[in-house]
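Numbering (my numbering), first residue to last: 2 to 263. Positions of the beta carbon are idealized from the N, C-alpha and C atoms, including for glycine. Values in this document were obtained by computation on a predicted structure and should not be read as measured data. Below is one structure, written out as structure tokens; comments come after it.
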Amino acid sequence: MNFHGTEVRQRALALLRGGARNAEVAREFNVPPGTIAYWKHLDRAKRGECPGKHDPKCPRCDGRELDPTAYSYLLGLYLGDGHISRYYEHRVPSLMIACDESWPGLMDACETAMRKVFPDNAVCRVRRTGCRNVKVYSKHLHCLFPQHGPGKKHERTIVLEPWQQAIVDAHPWEFIRGLIHSDGCRITNWTTRLVAGERKRYKYPRYFFANKSDDIRKLFTDTLDKVGVEWTTLTRGSDPFNISIARKASVALLDTHVGPKH
Numbered sequence: 002m003n004f005h006g007t008e009v010r011q012r013a014l015a016l017l018r019g020g021a022r023n024a025e026v027a028r029e030f031n032v033p034p035g036t037i038a039y040w041k042h043l044d045r046a047k048r049g050e051c052p053g054k055h056d057p058k059c060p061r062c063d064g065r066e067l068d069p070t071a072y073s074y075l076l077g078l079y080l081g082d083g084h085i086s087r088y089y090e091h092r093v094p095s096l097m098i099a100c101d102e103s104w105p106g107l108m109d110a111c112e113t114a115m116r117k118v119f120p121d122n123a124v125c126r127v128r129r130t131g132c133r134n135v136k137v138y139s140k141h142l143h144c145l146f147p148q149h150g151p152g153k154k155h156e157r158t159i160v161l162e163p164w165q166q167a168i169v170d171a172h173p174w175e176f177i178r179g180l181i182h183s184d185g186c187r188i189t190n191w192t193t194r195l196v197a198g199e200r201k202r203y204k205y206p207r208y209f210f211a212n213k214s215d216d217i218r219k220l221f222t223d224t225l226d227k228v229g230v231e232w233t234t235l236t237r238g239s240d241p242f243n244i245s246i247a248r249k250a251s252v253a254l255l256d257t258h259v260g261p262k263h
């Protein structure tokens, strides 16, 4: 076992106070990086330089200002591909939005919204097979996303709180965009029709949104109704999980405010 004398420690602290990095000092004196970090922490505490406890304020608990546009979009993403979890070794829960690596623009938009909603919290991306989890830790996640609960979303009731509904009503397109970016898509459909006695192939754009939760689909369609988008329900087998938007004027509205994933 190696023991480090007072002289080594004081020389190391002198370098640290001069701005040297922990890793550099560890290599210089052949001391484990964790020991260097511990020495530095004790030295800063002794001199009263340690920062205060990191305690970001909450819009619900503390009245901090909340970016409603970013929140409406992030709420849509959460209801589609997001979940809140807490591992036993973590002090606070985390919100994770799963984003397919095929859509880097979506990941950027998700991260931007997350940073605006949680301006004092660190946001990161965690690589998974075929996707990235955009992630933030906060002890106030349940305050901002009260829809969280045990089990899968489609197996429990999903209802917006009045303050959430007011934000969605004020920023409906952001909410719609978040839902489509998570559980929707824009495709080119085709059919055939008779033109002057000849059958020709006809292509047209179409939006789909698919979610097993009756409540989440209703939140989506209710918001579509408010912005004047016509929609229909398509069944997959006997399950009405798919919402289709195919009328030209409605597709044009979605193209203007949502657009395809990228």
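Start and end residues, beta strand (DSSP E) containing residue i
i	result
Gly-179	Run containing Gly-179: none in the beta strand (DSSP E); it sits in the alpha helix (DSSP H), 173-184.
His-149	No beta strand (DSSP E) contains His-149, which DSSP labels as neither H nor E.
Phe-242	240-246
Leu-96	95-101
Arg-274	No answer is possible for residue 274: it lies beyond the span of the chain, which begins at 2 and ends at 263.
8 Å Cβ cutoff met for residue i and residue j
i	j	result
His-182	Leu-107	yes
Ser-86	Val-137	no
Ile-188	Thr-224	no
Cys-132	Asp-109	no
Val-228	Trp-174	yes
Pro-69	Ile-168	yes
First and last residue of the uninterrupted alpha helix (DSSP H) at residue i
i	result
Phe-210	Not the alpha helix (DSSP H): Phe-210 falls in the beta strand (DSSP E), residues 199-211.
Leu-107	105-118
Tyr-138	From DSSP, Tyr-138 is part of no alpha helix (DSSP H) but of the beta strand (DSSP E) over 132-138.
His-42	34-47
Gly-81	69-82
Cβ distance (whole Å) where residue i is taken to contact residue j below 8 Å
i	j	result
Ala-99	Asn-134	6 Å
Trp-191	Lys-201	Going by Cβ atoms, the distance from Trp-191 to Lys-201 rounds to 11 Å, so no, they are not a contact pair.
Cα-Cα separation, residue i to residue j
i	j	result
Thr-206	Glu-199	Before going on, a small fix: residue 206 reads as Pro here, not Thr. Those two C-alpha atoms are separated by around 23 Å.
Asp-63	Pro-147	16 Å
Met-2	Val-32	Confidence in Met-2 is poor, its pLDDT being 39 and thus under 50, which makes the residue's placement unreliable; the coordinate value appears in the next sentence. Between Met-2 and Val-32, the C-alpha separation is close to 12 Å.
His-141	Glu-231	37 Å
Check: residue i C-beta below 7 Å from any heavy atom of the ligand ADP
i	result
Gln-148	This structure lacks the ligand ADP, and indeed carries no ligand of any kind.
- [ ] Inspect the CB distances between the stretch 100-116 and the stretch 140-158 and report whether three or more fall short of 8 Å.
- [x] Contact annotation: the stretch 100-116 does not touch the stretch 140-158, with fewer than three C-beta pairs closer than 8 Å.
- [ ] Give a yes or no on contact between the stretch 34-41 and the stretch 11-18, applying the rule of three or more CB pairs nearer than 8 Å.
- [x] yes
Task: Segment contact flag, the stretch 73-90 with the stretch 171-185, C-beta cutoff 8 Å, min 3 pairs - done: yes
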